[in-house]
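Chemist:
Chains as they are written, first to last, in my numbering: chain A, 5 to 314; chain B, 5 to 314.
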């Protein structure tokens, strides 16, 4: 099941070409080790651990969200059943901790402690995300942009921050520098989530592997939607009216909803948030005491993460 | 949901009297710290961590097994839904690692590494247990007693072993002594599982909180059943015939199945296994270099764990 999750096999066990993800968390870990002057190998246990934690969170989140498709394929619970998928997620998480627990060199202990703390943040972020589903679309109880960004910092930013920090720690970087790298990764994560939310509405199904308007179809409270609803604009109010009916949206209504989000400024806002947080992350990369070549690659990775199309 | 899991509240939030478990894993951790000469406080982070891991495993296992009752109450997934229960389990596990990551004193690092390794064992044990469900009741593909005991060592023994080892490590005990304590706890876990399996068939519903013959009702391959099926006796063959039909067993057939397990020697075998493993654990407690008073309490706890009625 883990092999299926990583895209290495089909659900029936047939080997499969291609990989199952962008691998940006391990890339971040390895580049962070190089950025503090260590060879890339120093970060491997950390790179593996953060990718395993990421895989764990996808498997369990898909169960909670009832998502049936990911990366153009069935999700694990859809292919294997909920019980086995719960266990597969647990196994991925256990293996992540076990892998990092056996790491040596650098400050492996601090790395393990950081991964443990990250898990708590990750789960709190996911819990907030789930709780948002039960909040109203408008009025004083509606989700605010600040609440949304805090959720994104936990759900997405914490693990990217952890990847960067763990790479720096395993590479022997000082704790203060690892903290800087964590802050950089967290900013990237918030930017990444904003882009993910944009792609969840306007992404090309051929590259995202999900149906068009997928997040709107599922009535998800993502950043462009939250921003549109809080915009105090006419399109924002129309969007709230449409979503508050709670009924399934057909293709025409989905197109209308997406247009209302756009006209209310939600699309631009999410795009600006992505760029702003990317710029902040790049500033940290520039100002921290890092290996120049690796810092350049880190900056390129950061731009790729935020300016990707899928 | 975590408070519900620990028995502190009802599902609707009403506070509730009483506790939610025997607390034997934290007791083992604290006594193990005392046994290596440390004050009980030294083990608290470890005690909390192992109990949280235990709570995590119960919440997720109940989802996988489809169990609707635990400790006289609804299970978490039954009360709150599968998605929230998956997340609550993840949160308990995250908190376990986070708690131990913040421990200081003794060899906190080794304790965290041990908990990480334990998670891998725990998940493998649960995976074996789930896989056993799809194995035939008789013939060469049937589960062997050795396979069952290996599963029990992973699923139950690993965390009891971890509790003892973590207590010893946080108490400043040497690594070799922690290994001994781990072995002791693992033996206790295997004994505990045998008793649990006996109670799963013959336990009093008033004290176990589960229906009589519960494990037979659910067609679970527990130690007394596996031993009976492998006994090469007439009652063992009759039991296989009965279970191979795969149909639900009514009260009369449940009583018959339990009697066949007993007459095939499965009940005595499980009881003997419990006693044998308890004796081995007690020998380690006697021979290891431990504080005498704490060792006496450890022995008493060990006997309680194995000779309990619920």
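For each residue, glycine too, the CB sits at the ideal point set by N, CA and C. No experiment lies behind these values; they were computed from the predicted model shown.
Can you tell me where the alpha helix (DSSP H) with residue 315 of chain A in it begins and where it stops?
Modeler: Outside the modelled stretch of chain A, which goes from 5 to 314, sits residue 315 of chain A, for which no answer is possible.
Chemist: Against chain A, does residue 58 of chain B count as a neighbour if the rule is that its beta carbon must be under 8 Å from one of theirs?
Modeler: So, not an interface residue.
Chemist: Is there a Cβ of chain A sitting closer than 8 Å to that of residue 188 of chain B, yes or no?
Modeler: no
Chemist: Please determine, among B/81, B/131, B/287, the residue with the shortest C-alpha to C-alpha distance to residue 299 of chain B.
Modeler: B/287
Chemist: By DSSP, does residue 74 of chain B sit in helix, in strand, or in coil?
Modeler: strand
Chemist: Using 8 Å as the limit for Cβ to Cβ distance, is residue 222 of chain A near chain B?
Modeler: no
Chemist: Determine the extent of the alpha helix (DSSP H) in which residue 14 of chain A is found, giving its start and end residues.
Modeler: Unbroken run through residue 14 of chain A: none, as it is neither H nor E.
Chemist: Go ahead and pull the three-state DSSP assignment for residue 228 of chain B.
Modeler: helix
Chemist: Given that a residue counts as buried once 16 or more other Cβ atoms are within 10 Å of its Cβ, and exposed if not, what is residue 108 of chain B?
Modeler: exposed
Chemist: What separation, rounded to the nearest whole angstrom, lies between the Cα atoms of residue 61 of chain A and residue 84 of chain B?
Modeler: 20 Å
Chemist: For the candidate residues B/223, B/264, B/37, whose alpha-carbon lies nearest to that of residue 252 of chain B?
Modeler: If we check each option's Cα against that of residue 252 of chain B, B/223 comes out closest.
Chemist: Is it true that the CB of residue 174 of chain A sits closer than 8 Å to the CB of residue 50 of chain A?
Modeler: yes
Chemist: Using a beta-carbon distance below 8 Å, is residue 235 of chain B in contact with chain A?
Modeler: no
Chemist: Are the stretch 277–287 of chain A and the stretch 183–196 of chain A touching by the rule of at least three beta carbon pairs closer than 8 Å?
Modeler: yes
Chemist: Based on the DSSP secondary-structure assignment, which residues constitute the bridge partners of residue 19 of chain B?
Modeler: Residue pairing by DSSP places residue 19 of chain B opposite B/13 in a beta bridge.
Chemist: Expressed to the nearest angstrom, what Euclidean distance is found between the alpha-carbon atoms of residue 242 of chain B and residue 123 of chain B?
Modeler: If you take the alpha carbons of residue 242 of chain B and residue 123 of chain B, they lie about 38 Å apart.
Chemist: Roughly how many angstroms separate the alpha carbons of residue 263 of chain B and residue 249 of chain B, rounded to a whole number?
Modeler: 18 Å
Chemist: Going along the chain, which residues of the stretch 153–171 of chain B sit with their C-beta nearer than 7 Å to a C-beta in chain A?
Modeler: Those would be none; no residue qualifies.
Chemist: Looking at residue 304 of chain B: is its Cβ nearer than 8 Å to the Cβ of residue 188 of chain B?
Modeler: no
Chemist: Are the beta-carbon atoms belonging to residue 231 of chain A and residue 147 of chain A less than 8 Å from one another?
Modeler: no
Chemist: Can you name, in chain order, every residue of its own chain whose Cβ lies under 7 Å from the Cβ of residue 76 of chain B, other than the five neighbours on each side?
Modeler: 213
Chemist: Using a Cβ cut-off of 7 Å, pull out every chain B residue sitting near residue 94 of chain A, in sequence order please.
Modeler: 64, 127
Chemist: Would you mind telling me which residues of chain B sit closer than 8 Å to residue 87 of chain A, beta carbon to beta carbon, in chain order?
Modeler: 67, 68, 69, 70, 134
Chemist: Determine, using beta carbons only, whether residue 58 of chain A and residue 163 of chain A come nearer to each other than 8 Å.
Modeler: yes
Chemist: Measuring CB atoms only, is the stretch 112–122 of chain A touching the stretch 200–207 of chain A, in the sense that at least three cross pairs come out at less than 8 Å?
Modeler: no
Chemist: So what's residue 93 of chain B in DSSP terms, helix, strand or just coil?
Modeler: helix
Chemist: Which residues, in chain order, does the stretch 31–54 of chain B contribute to contact with chain A at a C-beta distance below 7 Å?
Modeler: none
Chemist: Around the C-beta of residue 66 of chain A, are 16 or more other C-beta atoms found within 10 angstroms, so that it is buried, or is it exposed?
Modeler: buried
Chemist: Would you say residue 56 of chain B and residue 99 of chain B are within 8 Å of each other, going by their C-beta atoms?
Modeler: yes
Chemist: Counting C-beta neighbours from all protein chains within 10 Å, is the total for residue 211 of chain B 16 or more, i.e. buried, or is it exposed?
Modeler: exposed
Chemist: In its own chain, which residues sit with a C-beta less than 7 Å from the C-beta of residue 80 of chain A, not counting the 5 before and 5 after it?
Modeler: 5, 8, 9, 63, 66, 89, 92
Chemist: Quick one: list the residues of chain B neighbouring residue 102 of chain A, beta-carbon separation under 7 Å, in chain order.
Modeler: 120, 121, 123, 124
Chemist: For a contact defined as C-beta to C-beta under 8 Å, what are the partners of residue 197 of chain A on chain B?
Modeler: Chain B residues near residue 197 of chain A: none, gap ~18 Å exceeds 8 Å.
Chemist: Does residue 97 of chain A come within less than 8 Å of chain B when only Cβ atoms are used?
Modeler: yes
Chemist: Taking residue 294 of chain A as the reference, which of A/86, A/182, A/217, A/200 has the closest Cα?
Modeler: A/182
Chemist: What is the DSSP secondary structure of residue 82 of chain B, counted as helix, strand or coil?
Modeler: Note: residue 82 of chain B maps to helix in three-state DSSP.
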